[in-house]
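Listed in order, the protein sequences are those of chains X and P. For the first sequence, my numbering gives the first residue as 49, with consecutive numbering after it. For the second sequence, my numbering gives the first residue as 4, with consecutive numbering after it. A short write-up of the structure that comes next.
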Amino acid sequence: MAEATAGNTVLTTADGVPLKRKLRQTQQQMKRRAFGLVLPLLAFILITFVWPIGLMVYRSIDNPTVSESMPNATAALQAWDGSAGGLPPEEIYAIVARDLVQARKDKTVGKVATRLNYELPGSRSLITSSARKLSRIEEGPWKEAMTQADKKWGERQTWLAFQRVSARYTLGYYLAAVDMTYDEDGKLAAQSEERQIYVTLFLRTLWVSLFITVACIVLAYPISYLMATQPLRISNLLMILVLLPFWTSLLVRTTSWIVLLQTEGVLNDIMVALGLIGDENRVQMIYNMTGTIVAMVHILLPFMVLPLFSVMKTISPSYVRAAQSLGATPARAFWKVYFPQTVPGIGAGSILVFILAIGYYITPALVGGRTGQLISNFIAFHMQKSLNWGLAAALGGILLAGVLALYWLYNRIVGIDNMKLG
Amino acid sequence: MYDNNEPIVRFIDVQKSYDGEVLVVKNLNLDIARGEFLTMLGPSGSGKTTCLMMLAGFEPATHGKITLNGRPINNVPPHKRGIGMVFQNYALFPHMSVWENLAFPLEVRRMDSAEVERRIKRALEMVQLPEMAGRRPGQLSGGQQQRVAVARALVFDPDLVLMDEPLGALDKNLREEMQYEIKHIHENLGVSVVYVTHDQSEALTMSNRIAVFNDGIVQQLSTPAELYERPQNAFVAQFIGENNRLLGTIRAIDQDTCTVEVDGSGTVQALPVNVSSNGERTTLSLRPERVTINPPEGSVPNVFDGTVEELIYLGDHIRTRVNVCGHDDFIVKVPNASGHAALAEKATVKVGWDKEDCRALDAHQSG
């Protein structure tokens, strides 16, 4: 601040401290206090949200099983140039054989077998039985011994797969999550047709979420409008009606839908009683995609109503009146003047509903049947049943990336500042 | 195209109730002349805004007929009435630029783009904002928004423009500036304006005629000067301008003089306006600037002794509170003219006024 010249005097406070520094000091204190206030929440989010998600994403590329159980084999295989063609040399056979025997002693060979089985289905017994057989052999040549133990050791495909699973980090889970695999020559290829499930599932989840979002907009718009324009007494009643399902347990609501929609359910009974359909043609409305969509629209509707309502509440009726006094028909006044002002509410509601829908698990699991399953159900399957956490993490990671990408796209098109939640 | 002597708007026996129990507007009969600036003035809840909304078409009349250019419009929806309107909070469309706001009524009328452009430019020049066309309403100051709202209400050349307390949100200086501006626009365009306000000085400044509303009834409909000089009842006298009220009982009355015994003490000669009989209760209304301190002997019939209670220096005049006839809230405006005797608090003075300036009105208490 000493560079003050005649023409460029630094402003100072009464005690000679430069004004800017003084201002910074006073603001610093306020900033520290504000930070102190958000600190508990920040810590909570870091520990319970950011940290587990980071761990999960890490798990989708983490591949420690083989490299930890068979460190020497891993080093040798990683050094081997598999793309050159042919089988690995004798010394690699020797190292792998010794490591297999060691892994059997350490009782980690089962994990290695499982891991290779993910990569190359049907190869579990290859590892376990080879390890057992090899433990009885003292001397080489190992190539011969291993090929004798299982002839798959004589196939290039086995070695390429083994090389891949031995890498410390892998993209294999992500490839599997987009229905890709390696062919016999170790090149990227599409998964065989009957094994392609995830891409279809991602697309289906996307489509269903979009459909649910649009359905929510269509259903929520009129009720929000009513709530925003009716006198307080009526709008409060409507608000309670909207929130009532919100206060009921999710399981109760979902099972009520089962009661209503199943083939022997209330709705079918009524239609049969009215003679709309014959008793033998009862409509299947649950345990399929219809069930998933109906139940999810019902559950997610309040997330669309609330932001829409709060936005509509702030729109003065004088705008539509002004438009009408200027000569616009009621329809035109609505479309040109009222509707554009509700777009921020639609945006906020849509983002909420869409993001909730795309990761929804419990409802499709309960009422989705076989055809109404979404990607989250498969993530849960791999977490709980197949215990392939790497694949589950990769599927979840893709879902997360997709949501972030859509959020980014939304921000580019609509602008996140245009979103109003209340 | 229209007969110029025919009123542009007529309210015929109009009544309005929102709940079926209370009449907000009680039997309104009002003719608005072509090219006139008519102000509906009244306290809140007096029915003035309701009348405007019925005229605009946003509220149906419960009973009676409203005509526009001789045509009944009770069943014409707002968008077919062709009436320009300026709203209380401007109601400029926030998602449109100033240009788009002004283009809105023209595009609705399917004008070709050259005509639209010409009219918008003309309207923006009229309100002196030609360079603001690209801005959003949120980027304009309150006064600028107000001008745009006026321009939008006029851009499609309506013969009638309604204004619902349009200056209420502006600060005092800007409000006065806008009053003159709207008045000049009205004079230049010759459009008829119906203006609603609760601000009496605004009404006096701008209007050709003022309809004073209270309790769902037009209390008086006359020019600003008439309204101020010759209020027809106690409410109008009280509502327009400052006013000293003396309550009393009539002791003698003839064509142009009545003698009133004021509650407290004293007998006053006054001009009977809406009183008729001996013994009737009355409110005497007297403007503070028509009272003279220490009048020359014999110049006015009413002279009383009073005590100066309070002096407030207001520059152009000195507001003097005097205790007269047992009323200690009697206000006299003493002009700050050269040579005027200086007053002191607690001094005893003579206070006098002319019979013509003291109007004997009904004993109506409220307001």
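We put the beta carbon where it would ideally sit given N, CA and C, even for glycine.
Helix, strand or coil for P:C261, going by three-state DSSP, please let me know. Indexing the second sequence from 1 puts residue 261 of chain P at position 258. Looking at P:C261 - three-state DSSP - the assignment turns out to be strand.
Establish whether the CB of P:R138 and some CB of chain X are separated by less than 7 Å. Position 135 of the second sequence, counted from the start, is the residue given in the question as residue 138 of chain P. With 7 Å as the cut-off, P:R138 does not count as an interface residue toward chain X.
Against chain X, does P:A59 count as a neighbour if the rule is that its beta carbon must be under 7 Å from one of theirs? Translated into the one-based positions of the second sequence, residue 59 of chain P becomes position 56. Yes, because at least one Cβ of chain X sits closer than 7 Å to the Cβ of P:A59.
Between the Cα of P:T351 and the Cα atoms of P:M166, P:E312, P:L364 and P:N339, which residue gives the shortest distance? Taking the first residue of the second sequence as 1, we reach residue 351 of chain P at position 348. Answer by Cα proximity: P:E312.
Extent of the continuous beta strand (DSSP E) to which P:N191 belongs: Residue mapping note: residue 191 of chain P aligns to position 188 of the second sequence, counting from 1. No beta strand (DSSP E) holds P:N191; the alpha helix (DSSP H) holding it covers K175 to L192.
Taking 7 Å as the cut-off, decide whether the C-beta atoms of P:L95 and P:A240 are in contact. In the second sequence, counting from the first residue as 1, residue 95 of chain P sits at position 92. In the second sequence, counting from the first residue as 1, residue 240 of chain P sits at position 237. No, Cβ-Cβ distance for P:L95 and P:A240 is not below 7 Å.
Can you give me, in chain order, the residues of the stretch 32-64 of chain P that have a beta carbon less than 7 Å from any beta carbon in chain X? From the stretch 32-64 of chain P, only A59 and F61 have a Cβ closer than 7 Å to chain X.
Work out the CA separation of P:V335 and P:V294 for me, nearest whole Å. On the second sequence, residue 294 of chain P is found 291 positions in, with the first residue counted as 1. On the second sequence, residue 335 of chain P is found 332 positions in, with the first residue counted as 1. The straight-line gap from Cα to Cα measures roughly 6 Å.
What does P:R112 touch in chain X if you count any residue whose Cβ is under 7 Å from its own? Here residue 112 of chain P refers to the residue found at position 109 when the second sequence is read from its first residue. Those within 7 Å of P:R112 in chain X are G375.
Residues of the stretch 384-401 of chain X whose Cβ lies closer than 9 Å to any Cβ of chain P, in chain order: Within the stretch 384-401 of chain X, the residues whose Cβ lies closer than 9 Å to some Cβ of chain P are K384, V385, P388, Q389 and V391, listed in chain order.
Going along chain P, which residues have a C-beta under 8 Å from X:S366? Walking along the first sequence from the start, residue 366 of chain X turns up at place 318. Near X:S366 (Cβ distances below 8 Å), the residues of chain P are F90, Q91, N92 and A94.
If we cut at 7 Å on Cβ distances, does X:R369 have a partner in chain P? In the first sequence, the residue the question calls residue 369 of chain X occupies position 321. Output row for X:R369: interface = yes.
Can a CB atom of chain P be found closer than 7 Å to the CB of X:Q372? In the first sequence, residue 372 of chain X corresponds to position 324, counting from 1. It does; some Cβ of chain P falls within 7 Å.
CB contact check: P:P108 to chain X, cutoff 7 Å: Reading the second sequence from its first residue, position 105 is the one you call residue 108 of chain P. True, the Cβ-Cβ gap to chain X drops below 7 Å.
Going by C-alpha distance, which of P:D115, P:F159 and P:L41 is nearest P:W85? Indexing the second sequence from 1 puts residue 85 of chain P at position 82. Residue identity check: residue 85 of chain P is Gly in the sequence provided, not Trp. Among P:D115, P:F159 and P:L41, the Cα nearest to that of P:G85 belongs to P:F159.
Pairwise C-alpha distance: P:G267 and P:N247: Here residue 247 of chain P is taken as the residue at index 244 of the second sequence, counted from 1. Here residue 267 of chain P is taken as the residue at index 264 of the second sequence, counted from 1. Computed Cα separation, rounded: 15 Å.
Would P:H201 pass as an interface residue toward chain X - the criterion being a Cβ-Cβ separation below 7 Å? Stepping through the second sequence from its first residue, residue 201 of chain P is reached at position 198. No, P:H201 does not count as interfacial toward chain X.
Would you call X:I427 buried or exposed, if buried means 16 or more other Cβ atoms sit within 10 Å of its Cβ? For this step, residue 427 of chain X is matched to residue 379 along the first sequence. Under this definition X:I427 is a buried residue.
Residues in the stretch 64-95 of chain X with C-beta within 9 Å of chain P's C-beta atoms, listed in sequence order? Within the stretch 64-95 of chain X, no residue has a Cβ that lies closer than 9 Å to any Cβ of chain P.
Return the Cβ separation of P:L170 and P:E205 in integer angstroms, given the expectation that the two are a contact with Cβ distance under 8 Å. Taking the first residue of the second sequence as 1, we reach residue 170 of chain P at position 167. Taking the first residue of the second sequence as 1, we reach residue 205 of chain P at position 202. Contact between P:L170 and P:E205 is confirmed by a C-beta separation of about 7 Å, below the 8 Å threshold.
Measure the alpha-carbon distance for X:A441 versus X:N316 and round it to whole angstroms. Stepping through the first sequence from its first residue, residue 441 of chain X is reached at position 393. Stepping through the first sequence from its first residue, residue 316 of chain X is reached at position 268. Whole-angstrom Cα-Cα distance: 41 Å.
Which bits of chain X does P:I188 rub up against, with CB to CB less than 8 Å? The residue given as residue 188 of chain P occupies position 185 in the second sequence. Under the 8 Å cutoff, chain X gives no residues; its nearest Cβ is about 18 Å from P:I188.
Jot down the residue ranges of each uninterrupted alpha helix (DSSP H) in the stretch 50-133 of chain P, minimum 4 residues, whole runs only, in chain order. For the stretch 50-133 of chain P, whole alpha helix (DSSP H) runs of length 4 or above, ordered along the chain, are 51-59, 101-111 and 116-129.
How about P:P81: is its C-beta nearer than 7 Å to some C-beta of chain X? Residue 81 of chain P sits at position 78 when you count from the first residue of the second sequence. It does: the Cβ of P:P81 has a partner Cβ on chain X nearer than 7 Å.
Touch test, the stretch 325-342 of chain X against the stretch 255-269 of chain X, Cβ-Cβ under 8 Å, three pairs minimum: Touching, yes, given that three or more Cβ pairs across the two stretches are closer than 8 Å.
According to DSSP, which residues form a beta bridge with P:H320? Taking the second sequence and counting its residues from 1, the one referred to as residue 320 of chain P is at position 317. Per DSSP, P:P338.
Between P:F61 and P:M209, which are expected to be in contact by the criterion C-beta below 8 Å, what is the C-beta distance as a whole number of angstroms? Start at 1 with the first residue of the second sequence, and residue 61 of chain P comes out as number 58. Start at 1 with the first residue of the second sequence, and residue 209 of chain P comes out as number 206. About 23 Å separates the two Cβ atoms, so there is no contact after all.
Any beta-carbon of chain X closer than 7 Å to the one on P:H66? Residue numbering aside, residue 66 of chain P sits at position 63 when the second sequence is read from its first letter. By this cut-off, P:H66 is not an interface position.
Once DSSP output is grouped into helix, strand and coil, what is the label at X:A54? Residue numbering aside, residue 54 of chain X sits at position 6 when the first sequence is read from its first letter. With a pLDDT of 47 at X:A54, under the threshold of 50, the modelled position of that residue is not reliable, and the figure given next carries that caveat. Three-state result, X:A54: coil.
Any Cβ of chain X within less than 7 Å of the Cβ of P:H330? Indexing the second sequence from 1 puts residue 330 of chain P at position 327. For P:H330, the answer is no, since every Cβ of chain X falls outside 7 Å of its Cβ.
Which residues of chain X have a Cβ atom closer than 9 Å to the Cβ of P:P291, listed in chain order? Here residue 291 of chain P is taken as the residue at index 288 of the second sequence, counted from 1. None at all; the shortest Cβ gap to chain X is about 39 Å.
Pairwise C-alpha distance: P:R322 and P:V337: For this step, residue 337 of chain P is matched to residue 334 along the second sequence. For this step, residue 322 of chain P is matched to residue 319 along the second sequence. Whole-angstrom Cα-Cα distance: 6 Å.
Would you call X:E138 buried or exposed, if buried means 16 or more other Cβ atoms sit within 10 Å of its Cβ? Here residue 138 of chain X refers to the residue found at position 90 when the first sequence is read from its first residue. Burial call: exposed.
Close beta carbons around P:G38, own chain, < 6 Å, minus the five adjacent residues each side: Translated into the one-based positions of the second sequence, residue 38 of chain P becomes position 35. The beta carbon of P:G38 sits closer than 6 Å to those of G193 and S195, all from its chain and outside the five residues before and after it, given in chain order.
Measure the alpha-carbon distance for X:I282 versus X:K361 and round it to whole angstroms. In the first sequence, the residue the question calls residue 282 of chain X occupies position 234. In the first sequence, the residue the question calls residue 361 of chain X occupies position 313. In a straight line, the C-alpha of X:I282 is about 14 Å away from that of X:K361.
Are X:L439 and X:A224 closer than 7 Å when you measure CB to CB? Start at 1 with the first residue of the first sequence, and residue 439 of chain X comes out as number 391. Start at 1 with the first residue of the first sequence, and residue 224 of chain X comes out as number 176. Yes; because the gap between Cβ atoms is below 7 Å, this pair is in contact.
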